[in-house]
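Sequence positions in the sequence shown follow numbering that gives the first Met the number 0 and run 0 to 103.
Some notes on the structure that comes next.
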Amino acid sequence: MTVSFTKDNQVCEAVIEPQRASESGIDYERRMPAAVAEEIVNEIVPVEQRGKRTGGMIFGNYSSWARDEYEYVSIMRLLVGVGGPVKDMKVDEVRIRWKQRQCY
């Protein structure tokens, strides 16, 4: 996870990616199951801290961006998979942005 901060050291953005490096090299095809990504997101920003849900969308085809908008945060997931429900797809990246915090 990569975290960015505001001038007063509050988290303003968190980017979650699967661990790709190992002793045998880097595996750029390694992805997280959607359920694992959701557990991590819920630990970082629990539902009750997000505020009211204000929107969401999914755009793309094989690789898709799923965006959930809340009063205080925006959560974007880069999903990889063919058809089927989002819960069955793999996650390449999750990006959480706190709306009322300016990254420095």
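The beta-carbon is built from N, C-alpha and C at its ideal position, and this holds for glycine as well.
Do the CB positions of residue i and residue j come within less than 8 angstroms of each other?
i	j	result
C11	S3	yes
G80	D91	no
K89	A34	no
E68	G59	no
R128	T5	Residue 128 lies beyond the range of the chain shown here (0 to 103); nothing can be said about it.
V14	R94	yes
According to DSSP, residue i sits in a beta bridge with which residue or residues?
i	result
T1	V14
Review point. Going along the chain, which unbroken runs of the beta strand (DSSP E) with 3 or more residues stay wholly within the stretch 9 to 96?
Key: Unbroken beta strand (DSSP E) runs of no fewer than 3 residues, entirely contained in the stretch 9 to 96, are found at 10 to 15, 52 to 59, 62 to 69, 72 to 79, following chain order.
Review point. Three or more beta-carbon pairs under 8 angstroms between the stretch 36 to 50 and the stretch 67 to 74, yes or no?
Key: Touching, yes, given that three or more Cβ pairs across the two stretches are closer than 8 angstroms.
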